[in-house]
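**Student:**
In the working numbering, the protein residues as written are 2 to 300.
1) Run through DSSP, which three-state label would residue 74 get?
2) Which value, in whole angstroms, describes the spacing of the CA atoms of residue 79 and residue 137?
3) With residue 1 and residue 57 assumed to form a contact (beta carbons below 8 Å), what rounded beta-carbon distance in angstroms separates them?
4) Please list the terminal residues of the continuous alpha helix (DSSP H) segment that includes residue 135.
5) What is the C-beta distance between residue 183 and residue 142, in whole angstroms, given that I count them as a contact (C-beta under 8 Å)?
6) Can you tell me the Cα-Cα spacing of residue 43 and residue 130, whole angstroms?
7) Which residue comes first and which comes last in the alpha helix (DSSP H) that contains residue 49?
8) Where does residue 114 land, buried or exposed, given buried means 16+ other C-beta within 10 angstroms?
9) Between residue 287 and residue 241, how many whole angstroms is the CB-CB distance? I'm expecting something under 8 Å.
10) Taking the alpha carbon of residue 186 as the point to measure from, which residue in 246, 128, 296 has its own alpha carbon closest?
11) Could you tell me the boundaries of the alpha helix (DSSP H) in which residue 85 lies?
12) Could you check what DSSP says for residue 151 in three-state terms: helix, strand or coil?
13) Could you tell me which residues DSSP pairs with residue 140 in its beta bridges?
14) Between residue 189 and residue 121, what straight-line distance do the alpha-carbon atoms span, to the nearest angstrom?
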């Protein structure tokens, strides 16, 4: 059953490939760099031959701007959050080492808007720490910061000062009762609620950098809510966050089947969702381990 589900996910992802080599979010839509990067990572986790992924990686390279960023679309050049995904998708592909290096340099040279917090600020987090935003000239948030940390660690930049500060940002944004949301901790003195996908991304980026005891509440939050996750992203990132810290998960085949069956009511999931669900099923030691393995194999 598990093999059948994984194979079905792989076929669904492959069916979204466009003639340009990129992957579209849904059938009949134009390809996008974020969907393409996730598809590459998911198919690579299944052992897809490197040559079969060349067209998709070329599509990503064609999307790269002269400054090294990989924007969401040519019409939205400031939305460069897919850059970290492209760095990961080029892992294990020496043909794209220059494109990957340019994207890494871009990440190291750019940050979210940060500023000194005023004494009367209603916000609970340290607004002066540098991480990465979704869109240029906006505040840094948990998900893009976590993905940039994974990308930089996978490419050998884990000791860079920007990574160290990003780790401080992620720890600062952790909720006191466990978990993360998009990046807000307190608002007017009230602790906000965590989200499983943001929590999983943060945990996936931090193995080896933060003592486990400092994250135990967040691991407990994900473990206790795994079976209640009803969406591909929540479930996938719960698995990826837990597996990064070697927290065993029960047989999840039935849960994956349950989540996939909800398409009858909700409509088809997009390529990124299928990809992250497949990757979580395959990357049993977390996303960072998968990315580093791909990078080593291509070295």
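Beta carbons: idealized from backbone N, C-alpha and C, even for Gly.
Just so we're clear, the structure is a prediction, and the values are computed from it rather than from any experiment.
**Tutor:** According to the data block:
1) Strand.
2) Here the C-alpha atom of residue 79 lies approximately 5 Å from the C-alpha atom of residue 137.
3) Not covered by the structure: residue 1. The range shown for the chain is 2 to 300.
4) For residue 135, there is no enclosing alpha helix (DSSP H), since its DSSP letter is neither H nor E.
5) The C-beta distance from residue 183 to residue 142 rounds to 5 Å, short enough to meet the 8 Å contact threshold.
6) Going from the Cα of residue 43 to the Cα of residue 130 covers about 32 Å.
7) No residue range can be given for residue 49, since it is assigned to no alpha helix (DSSP H) and is classified by DSSP as neither H nor E.
8) Counting Cβ neighbours within 10 Å, residue 114 comes out exposed, since fewer than 16 surround it.
9) Here residue 287 really is in contact with residue 241; their C-beta atoms are around 6 Å apart, less than 8 Å.
10) Nearest C-alpha to residue 186 among 246, 128, 296: 128.
11) In the DSSP assignment, residue 85 falls within the alpha helix (DSSP H) that extends over 83 to 90.
12) Residue 151 carries a helical assignment under DSSP once its states are collapsed to helix, strand and coil.
13) 114.
14) Distance from the CA of residue 189 to the CA of residue 121, rounded to the nearest whole angstrom, comes to 10 Å.
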